[in-house]
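Chains Y and V, in that order, are what the protein sequence lines are.
Residue numbering for the first sequence is 38 to 396, as defined by my numbering.
Residue numbering for the second sequence is 38 to 396, as defined by my numbering.
We put the beta carbon where it would ideally sit given N, CA and C, even for glycine.
All values derive from a computational prediction rather than experimental measurement.
Number of protein chains: 2
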Amino acid sequence: MTVFETYRNHLSLDGLQHFISIGEGNTPLVRSNRIGIELGLSNLYFKLEHLNPSGSYKDRFASLAVSQLKAHNADVCLATSSGNTGAALAAYAAVAGIPCHIAIVDGAPIGKLRQMQEYGAKLWMVKDFGKDASKTQAVINDLENLATSCNSLVQISAFKYSPFGMQGVQTIAYEIMDQLPSVAHVFSPAGGGGLTLALTKGFRVFDEGPSIHCVQPFGNNTISGPLREGFEKAQRIESSTTQISGLQVPSVIDGDAVVRECRHTGGNGSLVNDQEVYFWQQQMITKEGIYCEPAGAVAMAGLKYALDKGEIHPNQSIVCLVTGHGFKDVKSMEKHLTNNPIGYISDIYELKKFLHEKN
Amino acid sequence: MTVFETYRNHLSLDGLQHFISIGEGNTPLVRSNRIGIELGLSNLYFKLEHLNPSGSYKDRFASLAVSQLKAHNADVCLATSSGNTGAALAAYAAVAGIPCHIAIVDGAPIGKLRQMQEYGAKLWMVKDFGKDASKTQAVINDLENLATSCNSLVQISAFKYSPFGMQGVQTIAYEIMDQLPSVAHVFSPAGGGGLTLALTKGFRVFDEGPSIHCVQPFGNNTISGPLREGFEKAQRIESSTTQISGLQVPSVIDGDAVVRECRHTGGNGSLVNDQEVYFWQQQMITKEGIYCEPAGAVAMAGLKYALDKGEIHPNQSIVCLVTGHGFKDVKSMEKHLTNNPIGYISDIYELKKFLHEKN
């Protein structure tokens with residue numbers, strides 16, 4: 038049974054019966070082994086969304102989105118992405134036997150695109166897409182028109198564009214409630230805010246859901262600042278200055294709803310700088326064995342921000358979402374390697390000497 | 038509850054109470070979406086062991102091995118590996134707070150070592166280790182002596198060396214029986230044979246367990262050939278000529294027991310060439326969305342071998358183990374990319390033209 042069948046009564050699936058499934062969802066919720074103790078938190082947990090089949094939570098979106106395309110006999114899957122959404126859609130479209138074409142932002146790092154190509158998606162790098170605001174909107178409009186002529190829908194992982202598929206992401210909330218009914222706080226990273234909004238929608242069906250906290254890098258402060266400062270709406274920024282891949286989204290997209298819904302749950306906004314994100318990424322890898330990409334450590338960094346402000350009770354049950362796999366962005370780890378070079382030896386005696394000298 | 042607690046009554050855990058757990062086990066068993074239909078198999082399944090926390094089934098071994106080290110207050114974790122075992126041990130040792138030192142074979146590809154370093158393990162490349170047979174044995178002996186003096190045990194993922202930890206791998210069998218009680222055949226890749234032997238040990242507790250089939254590349258035919266040809270024992274080979282990372286193990290190690298136990302289950306040996314493995318890797322990625330490394334496609338290639346020989350009934354329930362993540366060996370996929378270049382366009386009109394010309 039897929040997660041969509043398990044939680045079907047919480048979703049509006051328009052009679053969809055057949056789900057393209059490759060092992061998405063049912064991800065582990067693990068208790069912190071070391072970081073929680075170090076921070077004085079007795080109930081810190083991580084939701085390991087990076088262990089989804091294509092390496093991120095976007096599989097929950099892509100599974101539902103492509104299942105719908107398949108049910109409607111769509112000719113193609115059309116999408117925009119420069120990372121995890123594209124990889125997820127490429128995987129599910131391949132399984133569904135639907136050609137997948139993805140418009141990628143001009144200058145997107147090639148490494149992040151490889152996985153999409155390996156699944157067989159055709160990539161199109163569109164000049165000035167993602168760089169110039171009016172060009173970006175024109176590309177999305179053109180894609181939507183093209184989709185209509187191909188009996189399809191453009192897939193962009195945001196409620197604003199693809200609300201049907203985004204329901205899939207709500208299943209994270211249902212799973213957390215099953216795994217940890219006492220959950221009091223959930224920390225979620227946000228670019229355009231789709232994931233965070235999905236959590237608020239997911240937990241809304243429970244009488245006593247957790248507070249949902251929205252975490253962003255300072256360099257992409259479209260939602261978290263306005264949420265914290267009591268504003269009604271998110272804010273568009275001129276350009277994103279964070280280097281955290283996946284969270285560079287200067288437009289508001291789902292942001293207004295995130296501000297409203299997070300506030301309604303009692304959640305707040307956290308802002309973190311990129312260096313803090315890299316620090317917590319390394320902490321998670323070396324203390325929890327959680328091999329995540331930088332965006333996957335943003336929730337943890339945001340929890341630290343809220344802790345420092347005294348906003349979290351240390352005995353409450355806290356969940357940080359880990360969104361993407363460390364393998365997705367190996368470059369981000371290079372800085373951690375320079376302090377740990379390989380030793381070239383001719384004999385185990387040299388290792389023995391090393392160990393004895395250390396003690 | 039960890040998988041070791043769930044299946045505790047099947048394991049000999051010497052009273053071990055605390056398990057270092059980071060989300061290992063409980064991996065998805067997914068039904069084939071396309072390959073099964075294409076091959077005329079109505080019940081083909083894949084066990085997605087590559088979705089374990091460090092990206093391979095070795096996490097089941099490492100969790101138990103390091104939990105035991107921790108319970109005995111070992112000073113260090115000492116191991117040999119050039120790949121997935123090392124990554125898994127590095128992760129669990131990091132979580133346990135135990136320094137991890139790994140002897141790696143001379144000339145091992147650096148890419149496969151990075152993950153161990155990122156978890157914080159210290160790597161030692163030992164001259165001629167893995168190249169020269171007597172040097173290799175000497176290194177293992179020296180490590181064992183060093184381990185004794187450090188209140189530790191050398192961790193090598195084989196029953197011959199580390200039987201306690203290897204019990205963890207048996208949990209794959211218990212999970213498969215829970216997920217698919219009708220399972221009739223399980224295909225497993227083999228280097229030294231530890232995984233395959235663990236499956237036979239795991240399924241042994243059930244009255245009607247499946248046949249366990251052992252699959253090897255022709256270039257590392259230590260077990261599969263002897264099993265198929267009716268020999269009593271595995272065979273050492275001069276040197277491994279396969280390029281499939283993780284399966285280059287010319288020594289017998291657990292091989293004799295694999296021959297005996299697979300035969301006892303009614304299983305057979307399959308032999309596959311490297312090109313077939315790469316072919317099935319691509320098929321699994323592009324038709325099943327299963328993003329695996331080459332070794333992770335070896336079981337599927339071996340199933341095809343047995344099918345071609347008419348040894349498998351097409352209605353029986355078949356499970357192929359997917360052992361390691363595609364991210365582990367991105368080089369292996371490069372050959373698939375050349376046929377799928379990025380298109381550089383200035384306008385979605387060009388994509389529209391492309392789609393219309395194709396139809």
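Per DSSP, the bridge partner or partners of residue i
i, result
"Phe83(V)", "Val67(V), Cys357(V)"
"Cys114(V)", "Cys137(V)"
"Cys329(V)", "His362(V)"
"Ser307(V)", "Val252(V)"
"His222(V)", "Ser248(V), Ile355(V)"
"Lys159(V)", "His138(V)"
"Gly380(V)", "Trp161(Y)"
"Ser93(Y)", "Gly361(Y)"
Residue i at chain Y interface by Cβ criterion, 9 Å
i, result
"Lys324(V)", "yes"
"Cys187(V)", "yes"
"Leu183(V)", "yes"
"Leu340(V)", "no"
"Tyr381(V)", "yes"
"Asp51(V)", "no"
"Asn377(V)", "yes"
"Leu392(V)", "yes"
"His109(V)", "no"
"Ala128(V)", "yes"
"His362(V)", "yes"
"Ile141(V)", "yes"
"Lys95(V)", "no"
"Glu155(V)", "yes"
Sub-9 Å separation of residue i and residue j beta-carbons
i, j, result
"Gly333(Y)", "Gln318(Y)", "yes"
"Thr259(V)", "Ile193(V)", "no"
"Ile403(V)", "Trp161(V)", "Since the first residue of chain V shown is 38 and the last is 396, residue 403(V) is not available in this structure."
"Glu330(Y)", "Gly363(Y)", "yes"
"Ala195(V)", "Gly246(V)", "no"
"Tyr63(Y)", "Asp112(Y)", "For the sequence presented, residue 63(Y) should be read as Asn rather than Tyr. Their beta carbons are not under 9 Å apart, which means Asn63(Y) does not touch Asp112(Y) by this criterion."
"Val335(Y)", "Val252(Y)", "yes"
"His138(Y)", "Leu392(V)", "yes"
"Ser56(V)", "Thr208(V)", "For the sequence presented, residue 56(V) should be read as Phe rather than Ser. Contact flag unset, no."
"Gly326(V)", "Ser93(V)", "no"
"Ile322(Y)", "Leu78(Y)", "no"
"Gly256(V)", "Asn310(V)", "yes"
"Phe224(V)", "Ala343(V)", "yes"
Contact belief for residue i with residue j at Cβ below 8 Å, rounded distance in angstroms
i, j, result
"Ala227(Y)", "Ser277(Y)", "Not really, about 12 Å apart at Cβ, beyond 8 Å."
"Val206(V)", "Leu115(V)", "No, Val206(V) and Leu115(V) are not in contact; Cβ-Cβ is about 20 Å, not under 8 Å."
"Leu374(Y)", "Gln154(V)", "5 Å"
"Lys95(Y)", "Val356(Y)", "Their Cβ separation, rounded to whole angstroms, is 19 Å, which puts Lys95(Y) and Val356(Y) out of contact at 8 Å."
"Asp397(Y)", "Ala271(Y)", "Nothing in the structure corresponds to residue 397(Y), since chain Y is present only between 38 and 396."
"Asp291(V)", "Lys197(V)", "6 Å"
"Leu101(Y)", "Gln216(Y)", "Contact flag wrong, Cβ pair sits at about 21 Å."
"Ser91(Y)", "Tyr82(Y)", "23 Å between Cβ atoms; not a contact."
Any C-beta of chain V under 9 Å from that of residue i
i, result
"Glu387(Y)", "yes"
"Leu180(Y)", "yes"
"Val295(Y)", "no"
"Met162(Y)", "yes"
"Glu313(Y)", "no"
"Tyr198(Y)", "no"
"Met370(Y)", "yes"
"Leu76(Y)", "no"
"Tyr44(Y)", "no"
"Gln280(Y)", "no"
"Ser118(Y)", "no"
"Lys149(Y)", "no"
"Gly202(Y)", "no"
"Tyr211(Y)", "no"
"Asn80(Y)", "no"
"Asp291(Y)", "no"
"Val113(Y)", "yes"
"Lys168(Y)", "no"
"Gln216(Y)", "no"
"Ile355(Y)", "no"
Interface partners of residue i on chain A, CB under 8 Å
i, result
"Ile260(Y)", "Given the protein chain composition of this structure (Y and V), no chain A is represented."
Next on the checklist: To test your reading of the DSSP string, which unbroken beta strand (DSSP E) runs of 3 or more residues are found completely within the segment 173-228 of chain V?
Outcome noted: Correct list: 220-226.
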